[in-house]
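Trainee:
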Amino acid sequence: MPERLSQRYQQVQNRLHEACNKAFIAHSNVRLLAVSKTQPTHAVKACYDLGQRAFGENYLQDALVKIKALAHLDDIQWHFIGPLQSNKTKAVAENFNFLETLSRIKIAEKLDKQRPRYLAPLNVLVQINISNEPQKEGLGFEQANEFCAQIQHFKRLKLRGLMCIAQNTRDESVLRKQYKKMNTLFNELKTQYSEFDYLSMGMSNDMELAIEQGSNEVRIGTDIFGKRNN
Ligand SMILES: *Cc1c(COP(=O)(O)O)cnc(C)c1O
């Protein structure tokens, strides 16, 4: 299994390089987030040993076990990328480097209060519901600017950019349109918010398309760790 992990990881890195070459950007400008949700601690450690530093988690209890077990790795970075309920903000404020799914002021208020003083401000990405699907989390496209203006005032949060989960479709023209729209919004907001530097979009199936459309963080689970059971 570790050997297969290293092969898969190398393949993902190769795809990333190729996609960056095609888009004429340096591959060092695109962050690879290894989505380790539901994976065991040893898989995360094996991936860390291959050089990976940023890991994405969706489920709090599952994540906390790994964060605790790997606390001695002081340059490992944890990104919370799942839906966050307001009664679970404290654990995110205390244990993560990034929250990528912010879309409610109430959650921001709590995180701002709960972020421990001994840690740097919590980095946040604002989630946009770019496909406008009712079952999806995230702000409408038109609400983003006003929301960011409010978030900016929280001293213990650092507004770092936008995130979206595109529609679950193989239709490239639909995806391209949604990613393009995200990129436009990102560039617009970037002129207003000084620390805005991440546009997180693209997963295992569509990372090339996302990079072509300006993504600078791709979130890859399956193609690194293999298929999940859930
Ligand atoms: C699970 C997940 C991913 C990774 O998806 P894969 O298809 O396994 O690469 C990326 N982003 C979010 C928000 C996820 O929940």
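Positions in the sequence shown are counted from 1; adding 1218 to them yields this note's numbering.
Ideal placement from N, C-alpha and C gives every residue a C-beta, glycine not left out.
None of these values were measured; they are calculated from a predicted model.
(1) Consult DSSP for N1232 and reduce its assignment to one of helix, strand or coil.
(2) Helix, strand or coil: how does DSSP classify E1351 here?
(3) Three or more C-beta pairs under 8 Å: does that hold for the segment 1246-1263 against the segment 1278-1290?
(4) What are the start and end residues of each continuous alpha helix (DSSP H) run of 4 or more residues lying completely inside the segment 1258-1318, in chain order?
(5) Considering Q1368, what are the terminal residues of the alpha helix (DSSP H) in which it resides?
(6) Which two residues bound the contiguous alpha helix (DSSP H) that contains R1394?
(7) Would a check of beta-carbon distances place A1237 closer than 9 Å to chain C?
(8) Do R1388 and ligand 1 come close, with the Cβ less than 8 Å from some heavy atom?
(9) Classify S1254 as helix, strand or coil using the three-state DSSP reduction.
(10) Measure the C-alpha to C-alpha separation of K1402 and G1269 and round it to an integer number of angstroms.
(11) Which residues mark the beginning and the end of the beta strand (DSSP E) in which L1380 is found?
(12) On the three-pair Cβ rule with 8 Å, is the segment 1294-1312 touching the segment 1321-1341?
(13) With the cut-off set at 9 Å, would you say I1442 and L1288 are in Cβ contact?
(14) Tell me whether V1436 is buried or exposed, calling it buried when 16 or more other Cβ atoms sit within 10 Å of its Cβ.
(15) Who are the near neighbours of N1347 in its chain, counting only those whose CB is closer than 6 Å to its CB and skipping five residues on each side?
(16) By how many angstroms is the C-alpha of N1239 removed from the C-alpha of L1393?
(17) Relative to the C-alpha of D1389, which candidate in N1423, I1369, S1433 has its C-alpha closest?
(18) Is the Cβ-Cβ distance between S1412 and M1381 less than 9 Å?
(19) In this structure, how does DSSP classify S1418 when only helix, strand and coil are distinguished?
(20) Would you mind giving the Cβ-Cβ distance between L1407 and K1376, rounded to the nearest angstrom? I have them listed as a contact below 8 Å.
Mentor: By the coordinates alone:
(1) Looking at N1232 - three-state DSSP - the assignment turns out to be helix.
(2) In the three-state reduction of the DSSP assignment, E1351 falls in the coil class.
(3) Enough Cβ pairs lie closer than 8 Å, so yes.
(4) For the segment 1258-1318, whole alpha helix (DSSP H) runs of length 4 or above, ordered along the chain, are 1259-1267, 1278-1287, 1307-1313.
(5) 1362-1369 is the span of the alpha helix (DSSP H), which, as asked, contains Q1368.
(6) For R1394, the enclosing alpha helix (DSSP H) starts and ends at 1390-1408.
(7) The structure shown contains no chain C; it holds only a single protein chain.
(8) No, ligand 1 has no heavy atom inside 8 Å of this Cβ.
(9) S1254 falls in the coil class under three-state DSSP.
(10) According to the sequence shown, residue 1402 is Thr rather than Lys. Looking at the two C-alpha atoms, the distance is approximately 32 Å.
(11) Segment 1375-1382, the beta strand (DSSP E) holding L1380.
(12) The count of Cβ pairs closer than 8 Å, one atom from the segment 1294-1312 and one from the segment 1321-1341, reaches three, so the stretches are in contact.
(13) No. Outside cutoff.
(14) Result: buried.
(15) Contacts found: K1354, G1356.
(16) Distance between the alpha carbons of L1393 and N1239 is about 21 Å.
(17) It is N1423 whose Cα lies nearest to the Cα of D1389.
(18) Between S1412 and M1381, the C-beta gap is not smaller than 9 Å, which leaves the two residues out of contact.
(19) It is a strand residue.
(20) With a Cβ gap of about 14 Å, L1407 and K1376 do not count as contacting.
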